[in-house]
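What follows is a set of notes on a single structure, which appears directly below.
Protein chains: 4
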Amino acid sequence: MATLRTGRMEAFSDGVFAVAITLLVLEISVPDGSEDDLLAAVLEQWPSYLAYVVSFATVGAVWLGHAAVTHYLDHADAVLLRLNLLLLCVVSFLPFPTRLIAETLEHEDAGKVATTFYGLALLAATGLLAALWRYAVHEQLVRPDAGDDEVAVLSRKLTPGLAFYVVMIGLGLFLPVAAVLGYLAIAVFYLVPLRSLRRT
Amino acid sequence: MATLRTGRMEAFSDGVFAVAITLLVLEISVPDGSEDDLLAAVLEQWPSYLAYVVSFATVGAVWLGHAAVTHYLDHADAVLLRLNLLLLCVVSFLPFPTRLIAETLEHEDAGKVATTFYGLALLAATGLLAALWRYAVHEQLVRPDAGDDEVAVLSRKLTPGLAFYVVMIGLGLFLPVAAVLGYLAIAVFYLVPLRSLRRT
Amino acid sequence: MATLRTGRMEAFSDGVFAVAITLLVLEISVPDGSEDDLLAAVLEQWPSYLAYVVSFATVGAVWLGHAAVTHYLDHADAVLLRLNLLLLCVVSFLPFPTRLIAETLEHEDAGKVATTFYGLALLAATGLLAALWRYAVHEQLVRPDAGDDEVAVLSRKLTPGLAFYVVMIGLGLFLPVAAVLGYLAIAVFYLVPLRSLRRT
Amino acid sequence: MATLRTGRMEAFSDGVFAVAITLLVLEISVPDGSEDDLLAAVLEQWPSYLAYVVSFATVGAVWLGHAAVTHYLDHADAVLLRLNLLLLCVVSFLPFPTRLIAETLEHEDAGKVATTFYGLALLAATGLLAALWRYAVHEQLVRPDAGDDEVAVLSRKLTPGLAFYVVMIGLGLFLPVAAVLGYLAIAVFYLVPLRSLRRT
């Protein structure tokens, strides 16, 4: 039963990740009446592109981490399935704060609110991924043949980003654009170390 | 053939569940011109967040129940495939009443209409899931190695929520917000007992 | 290689069917300012619900037929993969004519145009599914162990609906609502015989 | 681990391709108030249909190429997974330039900007697919049993389209509609040779 359960959980999760990451593009548009100077209108959407890239990179990193976590799973229990649903709930919520960033990043006050809100959502997504893994390790749901060092490496990779998010959320109260670039840096940071992880 | 059939049915169902649950976020937005006080505008969307959480929890619970049902399936027959399509039809309809809740919950009369409509849709989704399981049991589509007690436990878990929905739909005619919170409680109730189920 | 190819083709097709069938709900909405009489506004959307049900039933029937076709496939060739892409192209186009029906069915002239356009799209989807199957049979892509009678039954099931669509498209030029109900009847007809098919 | 990794990568990629290709239809609509002459309004949307077909054919061709690449993959490494995420990032971005084409192709200046932007996005998608394959070959991630000639054929198929895109992007600065037709021709060109490839 455990194997099947993990199979359905992976298939459903892949579906939610794929839809959420693809819906991000719906937030990008040029205003009506941009035909007269479309080049300027397209270039003016830079906050949309930035928000798209940051959210895509973050969801991509969380998906990659999720694939690593489920790779080491021997089986799932009921709490893990619910933690996973909670993670998916936050991931599929991300298009909303992404759109707020796209719409308000250039506005002084609104940009700060949107950046904080966005940072909290990103923190929740990566925090729940880390919680999923820690729960699996704690409840011994991890495959017996997984080496202790592999488990420790994955634990180390999934945690420190959380502190960076807290710092960036604080920074966003003063410098929203810098904070969004910081979120991008964290996502890239998540994407990079998983590479050396996988080579071991 | 039966195995393949179940495989395609699961893959297609997972896809529909994943898309429906992820489309829910499209219903959340702040009005144009919210830049001046984005914090207030974001907080004012609480009915959207509540509707998002209730629908996400319900679709998640139905998906979890669906995964349990198909786990016990030995093979599908033609009626089961059509019942499943009917269930998916209701599940993928849910974003519409969810949006009605998000838009009208604070309005006195409209909130009652939206809550009733929403409750009927949730009742239809969970009722069809229970019907799917009862049909499978009745037609002996369940795997021979599934224990009678396991079958009985799943039957008991999938049924009583229906009566609660009827009660909550009645309550919604007077107290819409309380009814929506009741729908959330039912979804959580669905999510919780499946856990003890799966541990047996 | 053939097996893998079929696996990817099925997974991608299931994804497109699942997204297309779930996007149909986005066409349903009540006009702004419906709060004052939401019940009337919800009931007035009956063309949206009808269009949703007809499109859902048709895409569901095409998916069921597609699952039957790929079940009998031994392997895919390059032409089949392209025919399949063409079928998916039409299926994922369906939300557009569905929305036209939802918006204009009650309007005298526009309803006739929308119904004709919709019928042609439904005819193209079911016609391409029949073509996919006939091509597979003709090119001997069908599994050797599939009985001749099974192949003949599936051929007979996938074809006659096409003539009914032509009749209904003609009818739609005079009685749009009757034609849409006819489209629903054809989809139900597709859904029903597949059941006896599968029992053999 | 390699096998699992490839399985998740394929499932997630299929999901993103399927959602991106199906979201394209959301860009098609008739203006409000088209009921009086719906036939004319539907016919006037030809740039939308053209953009839909070109983007569908291109994403379909990239998906087909992606299925061929992963078919030959023995396992994935971390760089390949990130290259794949980058490819998916571009593919799921395509609905935005597709909508720009649909909205502005008939406008003289805006059409040129939109066509150039669209061509760059198509070039990026097909270029990243070619890069994915070349990286896999270079890093010896290809299955040992894949024949050298098969590898060479796939390399030759995935590359020359890039030069055509550069030519068409140049042409689009003067004749936008001709360039879009050229993009369609390139997509068809990608779709055709893969057929003879697969027959070997």
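So the sequence lines, in the order shown, correspond to chains V, C, L and E.
The first sequence begins at 1 in this note's numbering and counts up by one.
The second sequence begins at 1 in this note's numbering and counts up by one.
The third sequence begins at 1 in this note's numbering and counts up by one.
The fourth sequence begins at 1 in this note's numbering and counts up by one.
Think of the CB as a built atom: it goes at the ideal place given N, C-alpha and C, for glycine as much as any other residue.
Note that the coordinates shown come from a computational prediction; the quantities given were computed from them, not determined experimentally.
For E/V90, the closest alpha carbon among the candidates V/T22, V/L64, V/H66 and V/L171 is that of V/T22. Closer than 8 Å to the CB of L/S92 there is at least one CB belonging to chain E. Contacts with chain V at 8 Å (Cβ-Cβ) do not include E/T115. Going by beta carbons, L/A121 and L/F93 fall inside the 8 Å limit. When the Cα atoms are used, E/A76 and V/A146 turn out to be separated by approximately 19 Å. Put simply, the backbone Cα of V/T116 is about 13 Å away from that of C/L43.
Of all alpha-carbon atoms in V/V113, V/V137 and V/A125, the one lying nearest the alpha-carbon of V/I169 is that of V/V113. C-alpha of C/F96 to C-alpha of L/Q45: approximately 12 Å in a straight line.
Along the region 125-136 of chain C, there is no position whose C-beta sits under 8 Å from a C-beta of chain V. Against E/A20, the close residues of chain V are T22, in the order they occur along the chain (beta-carbon pairs closer than 7 Å). Residue-level contact check: E/T159 does not touch chain V, since none of the beta carbons of chain V fall below 8 Å from its beta carbon.
In the three-state reduction of the DSSP assignment, V/V30 falls in the coil class, being assigned neither a helical nor a strand state.
Using beta-carbon distances, E/V153 does not count as an interface residue toward chain L, since no partner is under 8 Å. Identification of chain C residues near L/A11 by a Cβ-Cβ cut-off of 9 Å yields A11, ordered along the chain. Counting only residues of its own chain and dropping the five nearest sequence neighbours on each side, E/V142 has a CB closer than 7 Å to the CB of Y72, L73, D74, A136 and V151. Taking the beta carbon of L/I28 as reference, the chain C residues within 7 Å of it are F96, listed in sequence order. Beta-bridge partners of L/L73 (DSSP): L/V142. Counting only the Cα atoms, L/N84 lies some 31 Å from C/V69.
Against chain V, the beta carbon of E/H107 has neighbours under 9 Å at E35, D36 and L38, listed in chain order. For the region 71-90 of chain V, the residues whose beta carbon sits under 9 Å from a beta carbon of chain E are, in order, H71. Around the Cβ of C/D32, a 10 Å sphere holds fewer than 16 other Cβ atoms; the residue is exposed. Distance between C/P160 and E/I28, taken at the CA atoms: about 44 Å. At least one CB of chain C lies nearer than 8 Å to the CB of L/V42.
At least 8 Å separates the beta-carbon of V/L105 from that of V/W133. One thing to note: V/L64 has its Cβ within 8 Å of the Cβ of V/L191. Annotation: the continuous alpha helix (DSSP H) that includes V/V153 extends over D148 to L158. Secondary structure of E/S92 (DSSP, three-state): coil.
In the three-state reduction of the DSSP assignment, V/L105 falls in the coil class. Counting along the chain, E/V166 sits inside the alpha helix (DSSP H) bounded by residues G161 to G172. For L/E44, the uninterrupted alpha helix (DSSP H) run begins and ends at L38 to E44, by DSSP.
Contact note: E/T58 does not reach chain V at a C-beta cutoff of 8 Å; the least C-beta distance is about 15 Å.
Burial check for E/F17: the Cβ neighbour count within 10 Å reaches 16 or more, so the residue is buried.
Annotation: the continuous alpha helix (DSSP H) that includes L/L181 extends over P176 to L191.
L/A102 has a beta carbon lying at 8 Å or more from every beta carbon in chain E.
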